[in-house]
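Q:
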Amino acid sequence: MVTTILKKDGLDIENSVAIVCGPPIMMKFVTFKLLDLGFKDSQVYLSMEKNMSCGIGKCGHCRIGPYYACKDGPVFTYDRIKGLPNIWD
Ligand code: FES
């Protein structure tokens, strides 16, 4: 599992970003692991395209709180969407 191979060893976390893409459950636990390692919310980039359908801001399927993944993303830093409902669904 990704969470078991992520280690702080050799990482210059202060000068790094993490880009997370994959199944929502994996993204959730990888994000939490990255935060445990010392990454700031703003250093974690999440690819949130999973619910996109029309891709042009009309269907609303990709809505994440006040954002549309298709128009405002699909990549968001964790600090932008942290606390919004259902981000890991
Ligand atoms: S994919 Fe339809 S509104 Fe974003």
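Here our numbering is used: the first residue of the sequence shown is 5, the next is one more, and so on.
Ideal Cβ positions, reconstructed from N, Cα and C, are used throughout, including at glycine.
Using a Cβ-based criterion (distance less than 7 Å to any ligand heavy atom), does lysine 62 qualify as near the ligand FES?
A: yes
Q: Suppose you measure from the CA of valine 21 to the CA of cysteine 66; what does that come to, to the nearest Å?
A: 24 Å
Q: Cutting at 7 Å between CB atoms, please list the residues of its own chain near phenylalanine 33, excluding the five before and the five after it.
A: Thr7
Q: Measure the Cβ-Cβ separation of leucine 50 and phenylalanine 80 and say whether it is below 8 Å.
A: Yes, the pair counts as a contact, with Cβ atoms nearer than the cut-off.
Q: By alpha-carbon positions, which one of Ile29, Met31 and Phe43 ends up nearest to isoleucine 17?
A: Phe43
Q: Note down, one range per segment and in chain order, each beta strand (DSSP E) of at least 3 residues found wholly within the region 35 to 78.
A: 48 to 51
Q: How is valine 24 classed by DSSP in three states: helix, strand or coil?
A: Three-state DSSP puts valine 24 in a strand.
Q: How long is the line joining the alpha carbons of phenylalanine 10 and lysine 37, rounded to whole angstroms?
A: Just to set this straight, residue 10 is leucine in the shown sequence, not phenylalanine. One C-alpha to the other measures close to 8 Å.
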